[in-house]
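Here the structure comes first, spelled out in structure tokens, and everything after it is commentary.
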Amino acid sequence: MTHTCTLGTVTIGKGTLALIAGPCMAESLDLCLRVAETMNGLCHSLGVGYVFKASYDKANRSASGAYRGPGLAKGLKWLAQVRKTIGCPVLSDVHEVNQCAEAGEVLDGLQIPAFLCRQTDLIVEAAKTGKCVNIKKGQFMAPWDMCNAIEKVHAAGNDNALVTERGTFFGYNRLVSDLRAIVQMQAFAPVCFDATHSVQEPGGLGTASGGRREYAETLALAAMATGADALFIETHPEPDAARSDAASQIALSDMGGVVRRCLAVFELVQGFCRPGENRQ
Numbered sequence: 000m001t002h003t004c005t006l007g008t009v010t011i012g013k014g015t016l017a018l019i020a021g022p023c024m025a026e027s028l029d030l031c032l033r034v035a036e037t038m039n040g041l042c043h044s045l046g047v048g049y050v051f052k053a054s055y056d057k058a059n060r061s062a063s064g065a066y067r068g069p070g071l072a073k074g075l076k077w078l079a080q081v082r083k084t085i086g087c088p089v090l091s092d093v094h095e096v097n098q099c100a101e102a103g104e105v106l107d108g109l110q111i112p113a114f115l116c117r118q119t120d121l122i123v124e125a126a127k128t129g130k131c132v133n134i135k136k137g138q139f140m141a142p143w144d145m146c147n148a149i150e151k152v153h154a155a156g157n158d159n160a161l162v163t164e165r166g167t168f169f170g171y172n173r174l175v176s177d178l179r180a181i182v183q184m185q186a187f188a189p190v191c192f193d194a195t196h197s198v199q200e201p202g203g204l205g206t207a208s209g210g211r212r213e214y215a216e217t218l219a220l221a222a223m224a225t226g227a228d229a230l231f232i233e234t235h236p237e238p239d240a241a242r243s244d245a246a247s248q249i250a251l252s253d254m255g256g257v258v259r260r261c262l263a264v265f266e267l268v269q270g271f272c273r274p275g276e277n278r279q
């Protein structure tokens with residue numbers, strides 16, 4: 000069975016590539032519009048479905064004094080402006096139950112952060128908005144156990160769910176991607192692969208997370224070869240100056256080549272049968 004989900008005008012899991020991309024943090028309206036316009040134009044030219052993503056509140060920063068973003072009210076206002084001006088669907092994180100209803104009025108999808116993927120009340124409240132619920136797989140979760148998180152969305156009367164793979168813990172400050180998880184989780188939901196968080200080194204800089212952005216495309220290509228339904232990539236015009244995840248974001252100027260190469264692998268894989276399929 001092939002599972003699909005929908006974020007605005009973009010359907011994930013129907014056999015065409017979808018890309019969720021934007022800066023890690025909504026640092027300013029100008030930044031959000033610039034990235035969304037560039038990525039929307041690129042994806043439109045390639046026939047790739049595009050969803051803009053940026054966080055209005057980075058509630059899980061490494062240090063208590065780290066900047067968290069513009070906050071719920073201003074952040075949602077910026078995201079609404081991106082949606083209106085650029086014409087693309089928008090996605091952002093929710094961290095607390097009381098954020099869901101307000102976020103659901105603006106967003107096409109509500110994202111459950113990896114550390115919160117077992118928080119039943121949060122998932123259920125996000126599902127009640129009727130919008131797509133994208134659950135990031137916790138670094139501590141087995142792929143097959145994520146079916147329980149997806150079932151919480153379904154039990155709340157919402158069949159519009161997506162699961163995103165972003166690596167698992169490997170010792171201290173390191174992540175490793177087990178790409179078997181993509182196939183295993185496709186048994187119950189469409190699967191997105193988060194290339195830039197998978198090269199993150201959580202808390203690796205002491206008061207901030209490190210990362211190795213030079214490996215993000217390698218993992219993205221591997222995920223495409225494995226058959227992932229979508230990609231999640233954080234991108235910024237000046238990654239080293241970004242106020243969050245500076246070490247793992249891909250430069251906006253490099254995204255054209257990255258997306259084209261990933262699309263080439265995705266389309267090649269779509270020409271082959273997956274196990275159990277009978278492609279005509």
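In numbering that gives the first Met the number 0, the protein residues as written are 0 to 279. Even for Gly, the Cβ is constructed at its ideal location relative to N, Cα and C.
Between residue i and residue j, which are expected to be in contact by the criterion C-beta below 8 angstroms, what is the C-beta distance as a whole number of angstroms?
| i | j | result |
| --- | --- | --- |
| threonine 128 | glycine 103 | 3 angstroms |
| valine 9 | phenylalanine 51 | About 10 angstroms separates the two Cβ atoms, so there is no contact after all. |
| glycine 255 | leucine 41 | 6 angstroms |
| glycine 14 | glutamine 269 | 6 angstroms |
| proline 22 | glutamate 233 | 6 angstroms |
| valine 123 | leucine 109 | The pair is not a contact, with the Cβ atoms about 12 angstroms apart (cut-off 8 angstroms). |
| methionine 145 | lysine 136 | 5 angstroms |
| isoleucine 19 | alanine 245 | With 8 angstroms as the limit, isoleucine 19 and alanine 245 do not qualify as a contact, their Cβ atoms being about 19 angstroms apart. |
| alanine 164 | aspartate 193 | Residue identity check: residue 164 is glutamate in the sequence provided, not alanine. Contact holds; Cβ gap of about 7 angstroms. |
| alanine 126 | serine 91 | Actually they are not in contact, since the Cβ atoms of alanine 126 and serine 91 sit about 16 angstroms apart, beyond 8 angstroms. |
| cysteine 87 | alanine 35 | 6 angstroms |
Where does residue i fall in DSSP's three states?
| i | result |
| --- | --- |
| arginine 278 | The pLDDT assigned to arginine 278 is 39, lower than 50, so where the model puts this residue is not dependable, and the model offers no usable value. |
| valine 190 | strand |
| glutamine 199 | strand |
| glycine 182 | A small fix is needed here, since residue 182 is valine in this sequence, not glycine. DSSP places valine 182 in helix when its eight states are reduced to three. |
| leucine 174 | strand |
| phenylalanine 265 | helix |
| glutamine 118 | coil |
| leucine 78 | helix |
| arginine 260 | helix |
| serine 44 | helix |
| valine 105 | coil |
| arginine 67 | coil |
| asparagine 147 | helix |
| asparagine 39 | helix |
| asparagine 97 | helix |
| leucine 32 | helix |
| aspartate 244 | coil |
| alanine 155 | coil |
| leucine 218 | helix |
| alanine 126 | helix |
| methionine 223 | helix |
Quick one: what's residue i bridged to in DSSP?
| i | result |
| --- | --- |
| serine 252 | None; serine 252 has no bridge partner. |
| lysine 135 | Thr163 |
| serine 111 | Checking the sequence, you will find isoleucine at residue 111 rather than serine. Ile134. |
| lysine 52 | Leu90 |
| cysteine 4 | Ile11 |
| methionine 24 | Ser54 |
| glutamate 233 | Gly21 |
| glycine 210 | Gln199 |
| phenylalanine 168 | Leu174 |
Given that a residue counts as buried once 16 or more other Cβ atoms are within 10 Å of its Cβ, and exposed if not, what is residue i?
| i | result |
| --- | --- |
| asparagine 97 | exposed |
| phenylalanine 231 | buried |
| tyrosine 171 | exposed |
| aspartate 107 | buried |
| tryptophan 77 | buried |
| tyrosine 49 | buried |
| glycine 70 | exposed |
| valine 175 | exposed |
| aspartate 158 | exposed |
| glycine 64 | exposed |
| leucine 16 | buried |
| glycine 205 | exposed |
| phenylalanine 139 | exposed |
| alanine 263 | exposed |
Taking 8 angstroms as the threshold, find out whether the segment 211-218 comes into contact with the segment 241-256 through three or more Cβ pairs. yes
Pairing CB atoms from the segment 110-118 with CB atoms from the segment 40-51, are three or more of them under 8 angstroms? no
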